[in-house]
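K.L.:
The following block contains the structure, expressed as structure tokens.
Residue numbers (my numbering): 702 to 1566.
Spelled out as structure tokens, the structure:
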């Protein structure tokens, strides 16, 4: 990752770094004394589905604020703002995306020492602290209205969400207000299991048979590997050293009969459940360990299973030996395509953090990684010949407005590019990307690059506009237009799903396709430099807003030249139709969001488009909320679909509706159980309720089921992490873990209840299966994560608790976690009182859940009544 401040933004850099020292009567020191607080007042206002909030500004400086010398800029989870019914001292205005500003009324006055409250309303309930305004900064203006000083708000407070009106989204929200008592009630469904009932390997193998006896694993066991498996052997001894602290000898070839205890890695004919790709057999007996894979990937997955067979205690308390029970495992994946998507466009993650994620994916046998490096809010990959993509597109800072050739602040990134702990700026050099490709390949993970067009393209558009302006100043008009992405005379008015007004390229320009081909070719060269062949590319293709391309002269000319095109609504398909042969020419399989294989009716509805059936086109189906049977319909129509259903596979959906639990919730709340439960061939049975808590069953009436003959068209499944609310490594890992374990189970292991028609029988199977899985995570698998790669930041759920008749009762949704509590107001620690059974108590009790590694939850509070 490199940090480059582009020449086009020197003016703003000077404003930030020089102008704030002192400019007339305003100094940075004084401006930082202006404090701001924000409070969500209620989601229960008219019209239904609206919210009311307020800012309070306290002027602690020594200068006055008036109606023209300041504006307050900030980011906020994007929502349309209503016009004020009652006049306010200032108004909130939407600029673009999640970028807003507060503008004072003409008669505004705020003297030093005074405070003022500004109330506003908007659409869609707000229930999370992560929805609150962030990245606040003042811009101060001179008498001519020119920007003079930019000062970040140093004292900003979000008032807590405490009432029903703040925690629920209006009268239509059927969810409960989360409390210790509601958690306790929900957790009563779970029971604690003994160690002999736990899953030793996640995802669960096809067949596993335990034997009597144990093998003591020490460095006396040589690691033998067949030719072609050196990488797998080296990764194994690296992991064994991390557990035992000792170096295991490694040797090419197979052991002789009298060579002593050994770990043997080899390939051979392995077929499990009719699957001979990525399959393996693992055997532990008195002679050691033998792993036979159908291929190198199968051997690698056998290694991952072996590492999980090592007792959790060996990870917690390192010793030079580990006890393995005798076991025979036969295993192969249900789906070949098992993937995770990671968005680094909205908030950047370092190369080192990406490698940690790849290690996680490898541990749970996920074999694809959709690397989402381009978005409206950031272009994260260095491309030879197009330096503006990273000089402009890889960083966010204050700009003069949405037409500036630069990216404005997003998701709290603030006014300064590369500001510490803001995550709005950053990119991967070619060397970084090549290193990531190699690292993934060694772990049998294919990295799939994505360039999202025609929508979600603001970072590319701004970058190429900066390039255009640079070359035009140099008198190079032809070169300036070579990669230009917009029609400069386009007056179309639209608002994207993320509230952008200018994020779609002009599909009538040949330069748009030329740009795309240039980027694809340069990325392909990086694969080649990594010793790999890029054979798959993801084109994005989602969420082009209504109103796009409706007032563009270039588009009007295109439509006149092609009367077969039925207006602007047909142009999303037109773009993909034009792009596809260019990618096929490069021998690429073409992946894309579901819209790439849909057509839009005049009314705006999406229908499956048969045009690309038979091509190597793979639609990713995320929408099972607004179009519940879309995945079934497209598979039935012959497309090879990848299911990434938002109700089950979105890591960025919050675990629950606790205001302090970070994340999004537009499609509901998603935990590890939702990931684990999913039935790809019968998804209606495991999509239980809407985002508002309404049962989904009636939504499925009259909808298409997946035809038995179309099961072969479910190519695989993918989990998603969009990063609007993800700030840094810890938040990323918290959102992924433990959900990833549930997803891995759905991707690898058959769902036994998938074809069970009887509701009661199926629900009992799911409940019993989840109880075992939850116990296994709590008691065996999560604690390991504390010690892998220096420790991951996984989530431990808060305990539930009630005080009934003077007795404290407590439980947890992951049975086997320890619960500790205090009664003196202090925070529970590992030394606090352990809860084992109901206990007489009074007053206020604080409780936390702990796993064997000492990782704890947030604090639950319950009080006697």
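Each residue gets a CB set at the ideal place from its N, CA and C atoms; glycine is no exception.
(1) What is the rounded straight-line gap between the Cα of residue 1334 and the Cα of residue 1350?
(2) Below 8 Å CB to CB, which residues in the same chain sit around residue 952 once its five sequence neighbours on both sides are set aside?
(3) By the three-class DSSP mapping on this structure, what secondary structure does residue 1029 have?
(4) Going by DSSP, which residues form a beta bridge with residue 1320?
(5) Would the beta-carbon of residue 1062 fall within 8 Å of that of residue 1070?
(6) I want to know whether the segment 1132 to 1149 touches the segment 1227 to 1244 - three or more CB-CB distances under 8 Å.
(7) Is residue 1524 helix, strand or coil when you go by DSSP?
(8) On the three-state DSSP scale, how would you describe residue 742?
(9) Is it true that the CB of residue 1550 sits closer than 8 Å to the CB of residue 1497?
(10) For the segment 1136 to 1155 against the segment 1442 to 1455, do three or more pairs of beta-carbon atoms, one drawn from each stretch, fall closer than 8 Å, so that the two count as touching?
(11) Looking at residue 1238 and residue 1289, is the spacing between their C-beta atoms short of 8 Å?
(12) Go ahead and pull the three-state DSSP assignment for residue 1313.
(13) Quick one: which unbroken alpha helix (DSSP H) runs of 4-plus residues sit fully inside the segment 1107 to 1175? Chain order, please.
(14) Using the C-alpha atoms, what's the distance from residue 1495 back to residue 887?
(15) Where in the segment 889 to 934 do unbroken runs of the beta strand (DSSP E), each at least 3 residues long, occur, reported from the N-terminal end onward?
(16) Can you grab the Cα-Cα spacing for the pair residue 1355 / residue 1368, in whole Å?
(17) Just how far apart, CA to CA, sit residue 708 and residue 1487?
(18) Which partner residues does residue 838 have in the DSSP bridge list?
(19) Spatial neighbours of residue 1143 within its chain, please: C-beta separation below 6 Å, excluding the five flanking residues on both sides.
(20) For residue 724, which residues in the same chain have their Cβ closer than 6 Å to its Cβ, ignoring the five residues on either side in sequence?
(21) Do residue 751 and residue 734 count as a contact pair if the criterion is CB distance below 8 Å?
(22) Assess, as a yes-or-no matter, whether the segment 851 to 866 is touched by the segment 1405 to 1413 under the definition of 3 or more beta carbon pairs within less than 8 Å.
(23) Whose C-alpha, out of 1323, 1322, 1281, 1287, is nearest the C-alpha of residue 1313?
(24) Between 1033, 1265, 919, which lies nearest to residue 974 when the distance is taken from Cα to Cα?
(25) Would DSSP call residue 858 helix, strand or coil?
(26) For residue 1523, which option in 1563, 837, 1552 has the closest C-alpha, if you only look at C-alpha atoms?
(27) Any heavy atom of the ligand FMN closer than 7 Å to the Cβ of residue 1123?
(28) Around the C-beta of residue 1274, are 16 or more other C-beta atoms found within 10 angstroms, so that it is buried, or is it exposed?
(29) Do the segment 1197 to 1206 and the segment 1152 to 1163 make contact, defined as three or more Cβ pairs closer than 8 Å?
(30) With distance defined between alpha-carbon atoms, name the residue in 814, 1260, 1395, 1245 nearest to residue 1295.
(31) For residue 826, which residues of its own chain have a beta-carbon under 6 Å away from its beta-carbon, when the five flanking residues on both sides are left out?
(32) On the criterion of 16 or more Cβ atoms from any shown chain inside 10 Å, does residue 1433 qualify as buried, or is it exposed?
(33) Quick one, are the C-beta atoms of residue 831 and residue 1517 less than 8 Å apart?
(34) Please go through the segment 1370 to 1400 and give each complete alpha helix (DSSP H) segment of 4 or more residues, from N-terminal end onward.
(35) Along the chain, where does the alpha helix (DSSP H) that runs through residue 1257 open and close?
(36) Rank 1131, 1130, 1169, 1113 by C-alpha distance to the C-alpha of residue 1123 and give the top, closest one.
P.N.:
In brief:
(1) Distance between the alpha carbons of residue 1334 and residue 1350: 19 Å.
(2) Residues of the same chain with a CB within less than 8 Å of the CB of residue 952, apart from the 5 flanking positions on each side, are 923, 924, 925, 926 in chain order.
(3) Under the three-state reduction of DSSP output, residue 1029 falls in the strand class.
(4) By DSSP's assignment, residue 1320 forms a beta bridge with 1293.
(5) At the C-beta level, residue 1062 and residue 1070 come within 8 Å of one another.
(6) The segment 1132 to 1149 makes contact with the segment 1227 to 1244, as at least three CB pairs between them are under 8 Å.
(7) Note: residue 1524 maps to coil in three-state DSSP.
(8) Strand.
(9) It is a contact, given that the beta carbons lie within the stated cut-off.
(10) By the Cβ rule, the segment 1136 to 1155 does not count as touching the segment 1442 to 1455, because fewer than three pairs are nearer than 8 Å.
(11) The answer is yes: Cβ separation under 8 Å.
(12) In the structure shown, residue 1313 sits in a helix (DSSP, three-state: H, G or I).
(13) Correct list: 1131 to 1143, 1159 to 1174.
(14) Roughly 22 Å between the two C-alpha positions.
(15) 908 to 918, 923 to 926, all fully within the segment 889 to 934.
(16) Computed Cα separation, rounded: 10 Å.
(17) Caution is warranted here: a pLDDT of 36 is assigned to residue 708, below 50, making its placement in the model unreliable, and the coordinate value is therefore given only provisionally. Spanning the two alpha carbons is a distance of roughly 44 Å.
(18) Under DSSP, residue 838 shares a beta bridge with 774, 853.
(19) Counting only Cβ-Cβ distances below 6 Å, and skipping sequence neighbours, we find 932.
(20) Model confidence at residue 724 stands at a pLDDT of 39, short of 50, so the residue's coordinates are unreliable; what they give is reported in the following sentence. Closer than 6 Å at the Cβ level, and outside the excluded window around residue 724, lie 849, 850.
(21) No, they are not a contact pair.
(22) Pairwise C-beta distances place the segment 1405 to 1413 out of contact with the segment 851 to 866, as fewer than three of them are shorter than 8 Å.
(23) Nearest option by C-alpha distance: 1281.
(24) Closest by alpha carbon: 1033.
(25) Strand at residue 858.
(26) From the listed residues 1563, 837, 1552, the smallest Cα separation to residue 1523 is found for 1563.
(27) Among the ligands in the structure shown, none appear at all, so the ligand FMN cannot be discussed.
(28) With 16 or more Cβ atoms within 10 Å of its Cβ, residue 1274 is classed as buried.
(29) Flag = yes, the segment 1197 to 1206 and the segment 1152 to 1163 touch.
(30) Answer by Cα proximity: 1245.
(31) Exclusion of the five residues before and after residue 826 leaves 744, 752, 870, 871 as the residues of its chain whose Cβ lies within less than 6 Å of its Cβ.
(32) Burial call: buried.
(33) Not in contact: residue 831 and residue 1517 (Cβ atoms no closer than 8 Å).
(34) Every unbroken stretch of the alpha helix (DSSP H) spanning 4 or more residues and falling wholly within the segment 1370 to 1400 is given here in chain order: 1373 to 1378.
(35) Counting along the chain, the alpha helix (DSSP H) containing residue 1257 begins and ends at 1254 to 1262.
(36) Answer by Cα proximity: 1113.
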